[in-house]
Structures are given as structure tokens and as C-alpha cells.
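Chemist: Protein chains in written order, with my numbering: chain A, 117 to 408; chain B, 638 to 797. Let me begin by handing over the structure; questions about it come next.
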């Protein structure tokens, strides 16, 4: 492997300085499950790796004081996967955290890495988006908080500057009577990258109608996308099997997939319909509403 | 950047404190094998797919080919060599031997450490849980069925 330098800042101030000085010559090293392989095969050639695992803010895992959650960008995914509160309150996020690679990968890989790679297929991204999560970004010009939905510019591209870094994710407290669900399709049982992934969050009102719904699609466009047409046909309605099917049809409007080794564009469009229908139904079922 | 940017890194390996002078580009796998002479962990795919290099760091299994030695400062590292004291065998190692849980043996140290991690989390796993938890370990001889039987035998032995 080609040589590079390594620093392990122990405070956010030190980390911001390191990223600020090195700019695009540096990459963050959190779980390392992608960056180390990328360096080995020559796909990336950073001069400096900045280990973010000793920065307390980047390892935080606690309530936000308002019923929501703070998850450090360098916290290993198994902590999210195994947390009883995440499983109960943010099921889509717990599910997705348990789908990224194998156990050894989940023991190292992080939300910051899964989001920061900006792969259209990142499994944790649709759950974060439908849960209304934000990400705290720090840099030489200060700290800002952005909706996760807004930080993707294209495959492998984020809207954050090279001298900035991801610090933590903030997942707000879900509204009463709401739930979330993530489903992906892969051609085998485990250990693969999503051909299509769909995240749904759903809130029902006292009358059982859909008060609010968010749907996010993975692997069907250059970035993760919201399926707003599908959301619009659901909002205010009582869910039926026919309506879940219609939501799937509407979700396809937002799919502009490519054909690749994992599936053709046509196949991905079809999967978008099917998985959206299933995800909406499964999410409603978690709230006691069964339509299939 | 210097071309020989070695630094001193201290951590524990199998309970013993060690100190190595290493460069950032040395993976944890290279450090335990080449600097510490612990050759149980194997290099298979070199990209985090096969699990032959599985090592435990701070209580969880990782692919040591996708970790750097310099990250280990102050951490607790355990390899297959430390699973049982001296020349003794751990019940998991005995179970793999008694059930033919390996053929060529390259993947075995990784499988055994993944089994140890599994049984610490789930002492009585179902077959499905075993297969899911070991999905990050590949056996090119395809001896999976006997590996699953070995894990079941180890669980039974350790719970009795």
C-alpha cells in the first residue's frame, strides 16, 4: 500500500484544524472498511488519514434532550443495530445498520462512512432521510447542520467542502403513532449491495388516516431521492392495498436508474414499485394497520 | 510527509502489552503477522470480504486487513493465539476438530474467532443465526455444513 500520514485528533477543535489545513489531501478514517481498500487499490490517494474515532463528538451516542437521538459519525454500526431504543423507536435505521456488510464490517463501519461515501445504494441513507435526520458538519468557517437529504450531489459526491467533516447525525423524536421501515432487494440472502432500497416513515392520526409520510429510494438515481409523488397520494388517506399499490406506481416517477451488473434499469423501475408498495404496507402493519 | 514515518504504537495483544514502531500504511494484519509473529490470522481477499484475517479489537471482531496498526494505540487486541492459554484448546477449537469443521484450514482462525464472538452474544444460536453471523467468513473448501455443526457442538459443550 502506498504511504500516507496519519493523525488521531482527540478533540473536535483539533479535528477541524486537521481537516482545514489538509483540505482535499486528507480523508477521514472512521471504520476504514472502504478507505483502506480504496488506498490499497489506488482508487484514492490521500496524503493524510484523519482518524475520527478519538473525537468525543464523533463517537457520541445519546439522547438529544428532546426525545431524539445523537449518533456520532464515527460510531460503529453494530452499536446502532443492537440498541434497544433504536430498534423500538427508529426500526428502519436499526434494520439498515444490520444490512451493511457482514458482522465484522458492522463492527467497524459507521454512519459517517456510509453517508460520506455518498453511494446511491447506501443502506442507512433512506432511513436517515425519512426520519428527518440532520447532520452536523464542522469546518474552518464554522459548524452547520444540514438535512441529510440535502448533502448529496451525485454518486460519491457530497455538497460539503473538502476541508469540512461530518461530526454527528441528529435523528428527531418521532411523532406519536408513527413508525419506519427499510427494505432492499438483493439477489441473494445476505452480503450484497442494494439493487433497490426503499425507506418509509409513516404517521397515523387518531382516525387512522395517514397524517404524514416520507419515502426515500436508494439505488435508482445518482443520489438517494424522495418519492414525493408517492407521498402525496398517501397523505390524508386511509391506507388500502390499492392505495399502497398506487403509491408504488407513483414512486416510479422518481426512479431514473442505470443498468449495471446488479440489475437493468427496467428491473429497477419495477422493483421500485414493488418495494415501495411492500414498505408502505409493512410500515403500516407495524402500526397495527394490515392491508395485505 | 516523510517516507519512513514510523511511530511507536502501544497496545495489548492477547493480554500482553506490546510496543511496535510501524508506519501508517501497515495494516493491523501485517502488524500482528510481520511485527509480532502471530501468523494465525490469514490474508485472504485483502478487502474485507473473506474474514480470514478476523481479529478481535476491544471486544468485537473486525477484518484486520481493513484496519491500520497505528489505530490500535491503547486498544485491546485478541488473536486466535490467545483464545486458549498455553497449549490448551478452547472448547470452540475442540468442537471444530471433533466435527471436521475445517479442511485446508486457512479460514479456520477467522471462523473460530467469529464463533467466539457469536457465542458471547448469543450462547444458544439457531442455525439461521449461526449462518448469518458467520456470513463474513468464507470457506473456499465449502465446508460450511460441518462448520455449522461445529458451532452447535461448541455451544452445547459450553452451555453444559
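Where a beta carbon is used, it is the ideal one built from N, C-alpha and C, also for glycine. Note that the structure is predicted; figures quoted are calculated from it, not measured.
Threshold first: 3 residues or longer. Then list the beta strand (DSSP E) segments lying entirely within the stretch 318–351 of chain A, N to C.
Modeler: 326–334
Chemist: Kindly indicate which three-state DSSP category residue 730 (chain B) falls into: helix, strand or coil?
Modeler: Mapped onto the second chain, residue 730 (chain B) falls at position 93. Three-state DSSP puts residue 730 (chain B) in a helix.
Chemist: For the alpha helix (DSSP H) containing residue 399 (chain A), name the first residue and the last one.
Modeler: The residue given as residue 399 (chain A) occupies position 283 in the first chain. Counting along the chain, the unbroken alpha helix (DSSP H) around residue 399 (chain A) starts and ends at 381–402.
Chemist: Distance check for residue 145 (chain A) and residue 159 (chain A), CA to CA, integer angstroms please.
Modeler: Within the first chain, the letter at position 43 stands for residue 159 (chain A). Within the first chain, the letter at position 29 stands for residue 145 (chain A). One alpha carbon belongs to residue 159 (chain A), the other to residue 145 (chain A), and they sit about 15 Å apart.
Chemist: Could you list which residues in chain A have their beta carbon closer than 9 Å to that of residue 779 (chain B), in chain order?
Modeler: Counting from one through the second chain, the residue named residue 779 (chain B) turns up at place 142. Simply none; closest approach about 15 Å.
Chemist: I need the straight-line Cα distance from residue 703 (chain B) to residue 154 (chain A), nearest angstrom please.
Modeler: Counted from its first residue, the second chain places residue 703 (chain B) at position 66. Counted from its first residue, the first chain places residue 154 (chain A) at position 38. Our two residues, residue 703 (chain B) and residue 154 (chain A), have alpha carbons roughly 10 Å apart in a direct line.
Chemist: Starting from the C-beta of residue 786 (chain B), find all residues in its chain whose C-beta is less than 6 Å away, skip the five residues before and the five after it, and write them out in chain order.
Modeler: On the second chain, position 149 is the one that residue 786 (chain B) refers to. Around residue 786 (chain B): 736.
Chemist: Out of B:722, B:641, B:742 and B:771, point me to the one whose CA is closest to residue 651 (chain B)'s CA.
Modeler: As a first step, residue 651 (chain B) is located in the second chain; it is residue number 14 there, counting from the start. Of the listed residues, the one whose Cα sits closest to residue 651 (chain B) is B:722.
Chemist: Identify the contact partners of residue 708 (chain B) in chain A, using a Cβ-Cβ distance below 7 Å as the criterion.
Modeler: As a position in the second chain, residue 708 (chain B) is number 71, starting the count at 1. Within chain A, 167 have C-beta atoms less than 7 Å from the C-beta of residue 708 (chain B), given in sequence order.
Chemist: Helix, strand or coil, according to DSSP, for residue 195 (chain A) in the structure here?
Modeler: Here residue 195 (chain A) corresponds to residue number 79 of the first chain, with the count starting at 1. Three-state result, residue 195 (chain A): helix.
Chemist: Would you say residue 121 (chain A) lies against chain B (beta-carbon separation less than 8 Å)?
Modeler: By one-based count along the first chain, residue 121 (chain A) stands at place 5. Residue 121 (chain A) counts as touching chain B.
Chemist: Three Cβ pairs or more, each shorter than 8 Å: is that satisfied between the stretch 187–198 of chain A and the stretch 218–232 of chain A?
Modeler: yes
Chemist: Could you run through the stretch 149–163 of chain A and flag, in chain order, every residue whose CB is less than 7 Å away from some CB of chain B?
Modeler: 149, 152, 153, 156 and 163
Chemist: Starting from residue 713 (chain B), follow its DSSP beta bridges and name the residues at the other end.
Modeler: Along the second chain, read from residue 1 onward, the residue named residue 713 (chain B) stands at position 76. Answer is B:649, bridged to residue 713 (chain B).
Chemist: What did DSSP end up calling residue 638 (chain B) once you bin it into helix, strand or coil?
Modeler: Position 1 of the second chain holds residue 638 (chain B). Since pLDDT at residue 638 (chain B) reaches only 49, below the 50 mark, its modelled position is unreliable, and the value read off the structure follows with that caveat. It is coil, neither helix nor strand.
Chemist: Residues of chain B with a CB under 7 Å from the CB of residue 223 (chain A): which are they?
Modeler: Sequence index remark: in the first chain, residue 223 (chain A) carries index 107 (1-based). Here the neighbours are 697, 698 and 699.
Chemist: Within its chain, find whatever has a CB closer than 6 Å to the CB of residue 126 (chain A); leave out the 5 residues flanking it on each side and keep chain order.
Modeler: Position 10 of the first chain, counting from 1, holds the residue named residue 126 (chain A). Cβ within range, chain order: 170.
Chemist: Just by C-beta distance, which residues in the stretch 219–244 of chain A are closer than 8 Å to chain B?
Modeler: Against chain B - using a Cβ distance shorter than 8 Å - the residues of the stretch 219–244 of chain A are 219, 220, 221, 223 and 224.
Chemist: Indicate whether at least one CB of chain A lies closer than 8 Å to the CB of residue 643 (chain B).
Modeler: Residue numbering aside, residue 643 (chain B) sits at position 6 when the second chain is read from its first letter. With 8 Å as the cut-off, residue 643 (chain B) does not count as an interface residue toward chain A.
Chemist: Would you please verify whether the beta carbon of residue 661 (chain B) is less than 8 Å from any beta carbon of chain A?
Modeler: In the second chain, residue 661 (chain B) corresponds to position 24, counting from 1. Output row for residue 661 (chain B): interface = yes.
Chemist: Please report how far the alpha carbon of residue 194 (chain A) lies from the alpha carbon of residue 147 (chain A), in whole angstroms.
Modeler: Stepping through the first chain from its first residue, residue 194 (chain A) is reached at position 78. Stepping through the first chain from its first residue, residue 147 (chain A) is reached at position 31. C-alpha separation (whole angstroms): 11 Å.
Chemist: Which chain C residues are close to residue 298 (chain A), counting only those with a beta carbon under 8 Å from its beta carbon?
Modeler: Here chain C cannot be found, since the structure's protein chains are A and B.
Chemist: Would you verify that the beta carbon of residue 307 (chain A) is, or is not, closer than 8 Å to some beta carbon of chain B?
Modeler: The count along the first chain starts at 1 and reaches residue 307 (chain A) at position 191. Yes, because at least one Cβ of chain B sits closer than 8 Å to the Cβ of residue 307 (chain A).
Chemist: Assuming residue 379 (chain A) and residue 311 (chain A) make a contact with CB atoms under 8 Å, what is their CB distance in whole Å?
Modeler: Position 263 of the first chain, counted from the start, is the residue given in the question as residue 379 (chain A). Position 195 of the first chain, counted from the start, is the residue given in the question as residue 311 (chain A). At roughly 4 Å, the Cβ-Cβ gap stays under 8 Å, so residue 379 (chain A) and residue 311 (chain A) are in contact.
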